[in-house]
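There are 2 protein chains.
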Amino acid sequence: MVKKSAEKEKARKPNMREAILFAAEELFSAKGFNAVTVRDIAQAAGANPGSVTYHFKTKDELLLEIYRRHCKPMNLRRAELLAAAKRVRDLQDRLEAIVRAYVLPAFSSGSDLAGGGARFTRLRAIMSAEGNEVTRRIIAQTFDDTSHAFIDAVHDSLPHIPRAEIVWRSHFLLGALYYTLVTPERVSRLSRGDSDGADAGDAIEQLVKATVASLQAPALDRATPSPRRSAPPTKSLAGDGHAPK
Amino acid sequence: MVKKSAEKEKARKPNMREAILFAAEELFSAKGFNAVTVRDIAQAAGANPGSVTYHFKTKDELLLEIYRRHCKPMNLRRAELLAAAKRVRDLQDRLEAIVRAYVLPAFSSGSDLAGGGARFTRLRAIMSAEGNEVTRRIIAQTFDDTSHAFIDAVHDSLPHIPRAEIVWRSHFLLGALYYTLVTPERVSRLSRGDSDGADAGDAIEQLVKATVASLQAPALDRATPSPRRSAPPTKSLAGDGHAPK
DNA sequence: ATATCATTTGTACTTTTGTACAAATGATAT
DNA sequence: ATATCATTTGTACAAAAGTACAAATGATAT
Numbered sequence: 004m005v006k007k008s009a010e011k012e013k014a015r016k017p018n019m020r021e022a023i024l025f026a027a028e029e030l031f032s033a034k035g036f037n038a039v040t041v042r043d044i045a046q047a048a049g050a051n052p053g054s055v056t057y058h059f060k061t062k063d064e065l066l067l068e069i070y071r072r073h074c075k076p077m078n079l080r081r082a083e084l085l086a087a088a089k090r091v092r093d094l095q096d097r098l099e100a101i102v103r104a105y106v107l108p109a110f111s112s113g114s115d116l117a118g119g120g121a122r123f124t125r126l127r128a129i130m131s132a133e134g135n136e137v138t139r140r141i142i143a144q145t146f147d148d149t150s151h152a153f154i155d156a157v158h159d160s161l162p163h164i165p166r167a168e169i170v171w172r173s174h175f176l177l178g179a180l181y182y183t184l185v186t187p188e189r190v191s192r193l194s195r196g197d198s199d200g201a202d203a204g205d206a207i208e209q210l211v212k213a214t215v216a217s218l219q220a221p222a223l224d225r226a227t228p229s230p231r232r233s234a235p236p237t238k239s240l241a242g243d244g245h246a247p248k
Numbered sequence: 004m005v006k007k008s009a010e011k012e013k014a015r016k017p018n019m020r021e022a023i024l025f026a027a028e029e030l031f032s033a034k035g036f037n038a039v040t041v042r043d044i045a046q047a048a049g050a051n052p053g054s055v056t057y058h059f060k061t062k063d064e065l066l067l068e069i070y071r072r073h074c075k076p077m078n079l080r081r082a083e084l085l086a087a088a089k090r091v092r093d094l095q096d097r098l099e100a101i102v103r104a105y106v107l108p109a110f111s112s113g114s115d116l117a118g119g120g121a122r123f124t125r126l127r128a129i130m131s132a133e134g135n136e137v138t139r140r141i142i143a144q145t146f147d148d149t150s151h152a153f154i155d156a157v158h159d160s161l162p163h164i165p166r167a168e169i170v171w172r173s174h175f176l177l178g179a180l181y182y183t184l185v186t187p188e189r190v191s192r193l194s195r196g197d198s199d200g201a202d203a204g205d206a207i208e209q210l211v212k213a214t215v216a217s218l219q220a221p222a223l224d225r226a227t228p229s230p231r232r233s234a235p236p237t238k239s240l241a242g243d244g245h246a247p248k
C-alpha cells in the first residue's frame with residue numbers, strides 16, 4: 004500500500020456514485036418516487052443512465068441506499084440530544100429540550116451536506132404520503148425505536164397524561180413537521196409575507212412552542228365526567244403489556 | 004313503455020361515470036397520482052379504459068373533476084360550522100368550536116358517500132406531498148379563503164397572539180390532520196394497540212384538544228405589537244434574527 | 001321498427017419507462 | 001508497455017404508459 008496512491012484515489016474522480024445519490028435524493032424529495040425517472044436522475048447527476056444501473060442495480064435499491072445513508076446518523080443525533088435533554092432539571096425546560104431533540108435533527112443532520120436533514124425528512128414525508136412499500140418497512144424498523152424513546156421521555160415528564168394521548172400528540176408533531184417541510188410556501192402565503200415558511204429557524208421555534216403546549220394539555224380522559232376533577236387518570240390505559248399482532 | 008327493462012338495465016350499470024370517479028378517488032388517495040394508471044382505475048370501476056377517456060378526456064381532467072366534486076361542499080360546510088362557532092359566547096368554548104369547524108368537515112363531508120370527506124382530505128394530503136402541479140392551483144384558489152376565515156376567527160378569539168403565529172399553528176393543524184389520515188396505523192403501532200389511529204372520532208377529539216392548547220400558547224414574541232407581558236417567563240433560547248414587521 | 005343519440009368496447013399507436021449488456025474508456029499494478 | 005480492473009457510455013428492448021378512434025352496443029323518441 005502506498006499512501007500517495009490512496010490520496011490520488013480520493014481526488015481521482017468526482018465520485019459519480021455520490022452525485023447520483025445526491026441527485027436522486029433531491030428529485031425524490033421534490034416530486035416523489037414515481038414521478039422521477041432514472042433518466043431524470045442521471046441527467047441531474049451529469050451521468051449516463053447506464054451508470055445508475057451499474058452503481059445501484061434498480062431504482063428501488065437506489066432509494067433504499069439513500070435511506071441507509073441518513074437513518075443511522077439522524078437517529079444517533081436524536082439519541083444524543085435526547086440523552087442530554089433528559090438531564091435537564093427543570094421540568095418545563097426538560098420537556099422543551101426533549102421536543103427540540105426530536106425536531107432539530109429533522110431539519111439539519113450535522114454530518115451531511117447543507118440542508119441534508121431537511122431534505123431527507125421531506126423525502127420521508129413524501130414516501131409516507133405515497134404509501135411507498137419499499138420504504139415503509141425500513142421506516143418502521145428504523146424510526147419506531149426512536150419514536151418510542153421520545154414518547155417515553157415525554158411521558159416521564161408528563162406522567163399524568165396517558166401514554167396513548169402522548170402518542171397522538173407526537174404523531175401530530177411529526178405531521179406538522181412533515182407538512183412544513185413539504186409546503187412551506189403556504190405559511191408565507193397565508194401570513195401575507197409576515198412569516199417565511201422556509202425559514203428553518205422560525206419553523207423549529209414555532210413547532211417546538213406549539214408542540215410543548217399541546218403536550219401539556221390536560222388529558223382527554225372520557226372516563227371522568229367532571230372536568231374539575233383532578234383525580235389521576237385511569238392507569239389501565241397506560242399498561243406496559245405488549246399486544247401481539 | 005319499457006320502464007321495467009330500463010330500470011333493470013340501470014340497476015345493472017349504475018352510471019359508469021360515477022363509478023370511475025369513485026374508483027379514481029379511492030386509488031389516487033391511496034397511492035398518489037403517478038402510481039395509479041388509467042387502466043387501474045378502469046379495472047377498479049369495472050369499466051373499459053376507453054370509457055375513462057370518453058368521460059374525462061385525460062387523467063389530469065379526471066383528477067380535477069374529483070376536486071370540483073368535493074371542494075365546494077366541504078368549504079360550504081366549513082363556512083356554516085364556522086359561522087355557528089363564532090356565535091358561541093364563552094371564549095374557550097368558541098375557540099374549540101372554531102377548531103372543530105375546521106377539522107370536522109375534513110373527516111366527513113355530509114353530502115357524499117361514506118367516508119368521502121376523509122378520503123378527499125387524504126387525497127389532498129398526498130397531492131400536496133407529491134407537489135402535484137394540477138391541484139396546486141385549485142387548492143390555493145379554493146381553500147385559501149377558508150383558511151383565512153379560520154385564521155381570522157381564531158385571531159379574534161386570541162387577539163394577543165400575532166396573526167403570523169396563528170398561521171403557523173393552523174398550518175401545523177393541517178399537517179397533523181393530513182398525516183393522521185395518511186398514516187393512521189402508526190398511531191396504533193406506537194400506542195401498542197391502546198389507540199386506533201383510524202378511529203375518526205378519537206382522531207378528531209385528540210386533534211381538537213391538542214390544537215386548542217397549541218393555539219393558546221403564549222406568543223413567541225419577537226417585536227410584538229402587544230405590550231402585555233403577564234405570561235410566564237419566556238425562554239430566550241430562541242434567537243430572533245429578523246423582524247419583518 | 002327505425003333512426004338517433006349516448007355510451008361502451010376493442011384495439012392500436014406513440015412515448016416513456018426500467019433495465020440489460022457489449023463496447024469503450026480510464027486508471028493502477030506489474 | 002501490458003494486463004487487469006473498475007467505471008462509463010451507447011444502444012436496445014420489452015413492458016407499460018396515456019390516449020385516440022372506429023366499431024359495437026344499448027337506450028330513447030318518433
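Chains as they are written, first to last, in this note's numbering: chain R, 4 to 248; chain H, 4 to 248. Just so you know, even glycine gets a beta-carbon here, dropped at the ideal spot from N, CA and C. Just so it is clear, the structure is predicted and the values come from calculations on it, not from any experiment.
Contact between G134/H and K34/R holds: CB atoms are separated by about 6 Å, below the 8 Å threshold.
Fewer than three beta-carbon pairs drawn from the stretch 137-156 of chain H and the stretch 159-173 of chain R are found closer than 8 Å, and the two stretches are therefore not classed as touching. For H158/H, the enclosing alpha helix (DSSP H) covers residues E136 to S160. The three-state secondary structure of L223/H, taken from DSSP, is coil. By the CB criterion at 7 Å, A121/R and L184/R fall inside the cutoff. In its chain, beyond the 5 residues on either side, V157, S160, L161, V215, L218 and Q219 have a beta carbon closer than 8 Å to the beta carbon of L98/H. Under the DSSP assignment, G53/H falls in the alpha helix (DSSP H) whose first and last residues are P52 to H58.
Within the stretch 79-132 of chain H, no beta strand (DSSP E) run of at least 3 residues lies entirely inside it.
When only Cα atoms are considered, S173/R and D205/R end up about 20 Å apart. Across the structure, V55/H and V39/H are spaced so that their CA atoms are roughly 13 Å apart.
Rounded to whole angstroms, the Cβ separation of A50/H and A86/H is 41 Å, and the two are not in contact under 8 Å. With fewer than 16 other Cβ atoms inside 10 Å of its own Cβ, G53/H counts as exposed. With its beta carbon at least 7 Å from every one in chain H, R71/R lies outside the interface. Scanning its chain for C-beta atoms nearer than 8 Å, with the 5 sequence neighbours on each side dropped, one finds around L24/H the residues L65, E68, I69 and R72, in chain order.
A distance below 6 Å between beta-carbons, with the five flanking residues on each side excluded, links A201/H to the following residues of its chain, in chain order: P187. For L193/H, the closest of A104/R, Y105/R and A152/R by C-alpha to C-alpha distance is A152/R. P17/R carries a coil assignment under DSSP once its states are collapsed to helix, strand and coil. Each residue's CA atom was taken as its position, placing T138/H and F31/H some 12 Å apart.
The residue from N18/R, F36/R and A45/R with its alpha-carbon nearest to that of A26/R is A45/R. Listed by position along chain R, the residues whose Cβ is nearer than 7 Å to that of Y181/H are G178 and Y182. Nearest to I207/R by alpha-carbon distance, out of L180/R, N78/R, V170/R and M19/R, is L180/R. By the neighbour-count definition (other C-beta atoms within 10 Å, threshold 16), P17/R is an exposed residue. The beta carbon of Q209/R falls within 7 Å of a beta carbon belonging to chain H, placing the residue at that interface. Taking the beta carbon of A33/H as reference, the chain R residues within 7 Å of it are G134, listed in sequence order.
Within chain H, the residues whose beta carbon sits less than 7 Å from that of V185/R are S131 and A132, listed in sequence order. Collapsing the DSSP output to three states places A201/R in coil.
Here Y182/H is buried. Its C-beta has 16 or more other C-beta atoms within 10 Å. A direct Cα-Cα distance of roughly 23 Å separates S111/H from V170/R. By the rule that beta-carbons nearer than 7 Å mark a contact, V157/R does not touch chain H. Using a 10 angstroms sphere on the CB of E28/R, the tally of other CB atoms reaches 16 or more, which defines it as buried. Between D197/R and A82/H, the C-beta spacing is not below 7 Å. H174/H: member of the alpha helix (DSSP H) spanning R166 to V185, first to last residue. Closest by C-alpha distance to V102/H, out of V41/H, S150/H and M19/H, is S150/H.
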